[in-house]
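Just so you know, we're using my numbering here: the sequence shown kicks off at 285 and counts up by one.
All C-beta atoms in this analysis are idealised placements derived from N, C-alpha and C, irrespective of residue type, glycine included.
Remember, it's a predicted structure, so these values are computed and weren't measured experimentally.
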Amino acid sequence: MTNASLPESPITPFKTVSLAQRGRAGMEFLGSLQNYVAGTVRQRARADFNADPEGAALAQNWAQRNEPWPERIAKAKAVAERSITYRYDRLMQRYVAEEVYTKGIPATEARRAEAEAFYALPIKPIGGSLELDASIPIPKYHSETEWHLMPGGWDGYDLYGITMGSGVGPLVFVRGGFAAVEAGDDLRRQRPDVVKQFPKKSYGRIYEPGCGGFGTLAAVYQVFPDAELIGSDLSQHLLRQGHMAAERMGIKVAFKQRDARDTKEPTSSVDGVIMYALQHEMPIDVNIDTLKEALRILKPGGDLVMSDPPPFAAVHPLQAVVLDWDTEHRGEPFFTVTREVEWADVMKDLGFVNVEAYTLGAQGYPYVVRGSKPV
Ligand SMILES: C[S@@+](CC[C@H](N)C(=O)[O-])C[C@H]1O[C@@H](n2cnc3c(N)ncnc32)[C@H](O)[C@@H]1O
Numbered sequence: 285m286t287n288a289s290l291p292e293s294p295i296t297p298f299k300t301v302s303l304a305q306r307g308r309a310g311m312e313f314l315g316s317l318q319n320y321v322a323g324t325v326r327q328r329a330r331a332d333f334n335a336d337p338e339g340a341a342l343a344q345n346w347a348q349r350n351e352p353w354p355e356r357i358a359k360a361k362a363v364a365e366r367s368i369t370y371r372y373d374r375l376m377q378r379y380v381a382e383e384v385y386t387k388g389i390p391a392t393e394a395r396r397a398e399a400e401a402f403y404a405l406p407i408k409p410i411g412g413s414l415e416l417d418a419s420i421p422i423p424k425y426h427s428e429t430e431w432h433l434m435p436g437g438w439d440g441y442d443l444y445g446i447t448m449g450s451g452v453g454p455l456v457f458v459r460g461g462f463a464a465v466e467a468g469d470d471l472r473r474q475r476p477d478v479v480k481q482f483p484k485k486s487y488g489r490i491y492e493p494g495c496g497g498f499g500t501l502a503a504v505y506q507v508f509p510d511a512e513l514i515g516s517d518l519s520q521h522l523l524r525q526g527h528m529a530a531e532r533m534g535i536k537v538a539f540k541q542r543d544a545r546d547t548k549e550p551t552s553s554v555d556g557v558i559m560y561a562l563q564h565e566m567p568i569d570v571n572i573d574t575l576k577e578a579l580r581i582l583k584p585g586g587d588l589v590m591s592d593p594p595p596f597a598a599v600h601p602l603q604a605v606v607l608d609w610d611t612e613h614r615g616e617p618f619f620t621v622t623r624e625v626e627w628a629d630v631m632k633d634l635g636f637v638n639v640e641a642y643t644l645g646a647q648g649y650p651y652v653v654r655g656s657k658p659v
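Okay, here's the thing in structure tokens:
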């Protein structure tokens, strides 16, 4: 395993088109606010939770209680909501989640001419590919959800690549403190840390279903620079962004529009599959079919590494309430149902071997489940 640093591209979307100053300043404020609330204010909310006799009792046997998850979460939520500090934390979380787009979209629009000129710049092909297929059915859960409160969802605005790449990503998300990501944690470091959970020193072909753009595949390249990279997703917008970013950075990737349940790859054809932040955006049945498909395309002895927010059982009850909150309040319809499941058990039932689940971070995130196809 090597650690290649990402080659600096002379032109990347992040450096070439910066958002209007007022929007950037607004987003920096939102990033700081979210970081403060999740880092400092939430510690007080947690102290309130633990000082509440019912909260302390819940925390003591949280994972072992013989109660269905909806009941456990309802009890923990009632304790959390007795704390004014917790309520303030949630108010600010919702405010930031909405405001990033209220500020980000106009700040992007102000740069439309530059953005369009940037997209029109010729790219020297380096051998990657982009295969879009309009005949792939897009499930309703995907097209009808405004993920993270993004107006119109993943494909809802033609310049979201700029809004996210020049604004929300580097000015807000980078400071952590949203969903399962702890304040101060940086996704750009967490991704390679997760990729390093692949158990072998080198891999031939690595496949990422639900790759979105080039975020996780870039981390795969950092850790395994010699691997052949294939990424697929349903979103044409994200795939186009990913392809452009990879080509401009000189990294060869085959991007394909595919449903994660039906990759159309030959059976036993890839050495590794990575699923990063995909599970919580899919219903349970789609997740199960995606795992079956991953098992099918893996070569015997090949490895799957999956990272998503932790199951409720692996975190403090207040953190479980925080994760559950995203379902109703931050455009994440499957956050709760997918946190109720122990995915390591599902993987064993499906036929994966050497299955392990563990956490890399202090509050249960990043959470990793990995396993292999039997030889
Ligand atoms: C939170 S994003 C994560 C993207 C990427 N894995 C990353 O690390 O940045 C979730 C992605 O899952 C994709 N997705 C959801 N359901 C899918 C499905 N059935 N097949 C393929 N992709 C899907 C979405 O389009 C979105 O790009």
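When DSSP labels each residue in this structure, what does residue i get in the three-state scheme?
i           : result
residue 654 : strand
residue 285 : Annotation note: pLDDT 41 at residue 285 (below 50); position unreliable, no value reported.
residue 368 : helix
residue 641 : strand
residue 585 : strand
residue 301 : coil
residue 475 : helix
residue 462 : strand
residue 450 : helix
residue 659 : coil
residue 332 : helix
residue 608 : helix
residue 546 : strand
residue 647 : coil
residue 375 : helix
residue 337 : helix
residue 572 : helix
residue 618 : coil
residue 408 : coil
Given a cut-off of 8 Å, decide if residue j and residue i are closer than it, judged by their beta-carbon atoms.
i           : j           : result
residue 446 : residue 301 : yes
residue 582 : residue 554 : yes
residue 456 : residue 318 : yes
residue 520 : residue 416 : yes
residue 589 : residue 652 : yes
residue 412 : residue 530 : yes
residue 507 : residue 585 : no
residue 484 : residue 516 : no
residue 565 : residue 346 : no
residue 512 : residue 545 : no
residue 464 : residue 649 : yes
residue 370 : residue 433 : no
residue 381 : residue 614 : yes
residue 500 : residue 475 : yes
residue 375 : residue 359 : no
residue 357 : residue 605 : yes
residue 401 : residue 392 : no
residue 504 : residue 591 : no
residue 558 : residue 514 : no
residue 466 : residue 628 : no
residue 595 : residue 626 : yes
residue 637 : residue 568 : no
Following the continuous beta strand (DSSP E) through residue i, name the residue where it begins and the one where it ends.
i           : result
residue 312 : Premise fails: residue 312 lies in the alpha helix (DSSP H), 305-320, not in any beta strand (DSSP E).
residue 537 : 537-541
residue 491 : 489-493
residue 513 : 512-517
residue 253 : Any answer about residue 253 is impossible in this case: the structure gives the chain only from 285 up to 659.
residue 428 : Note, residue 428: premise wrong, no beta strand (DSSP E); not H, not E.
Strictly by DSSP, which residues pair up with residue i?
i           : result
residue 599 : DSSP output for residue 599 lists no bridge partner at all.
residue 590 : 559, 653
residue 554 : 582
Name the two residues that bound the continuous alpha helix (DSSP H) containing residue i.
i           : result
residue 415 : Where residue 415 is concerned, there is no enclosing alpha helix (DSSP H), although the beta strand (DSSP E) it sits in stretches over 413-415.
residue 660 : The structure shown does not extend to residue 660, since the chain is modelled only from 285 to 659, so the question has no answer here.
residue 456 : No alpha helix (DSSP H) contains residue 456, which DSSP labels as neither H nor E.
residue 396 : 396-404
residue 503 : 499-507
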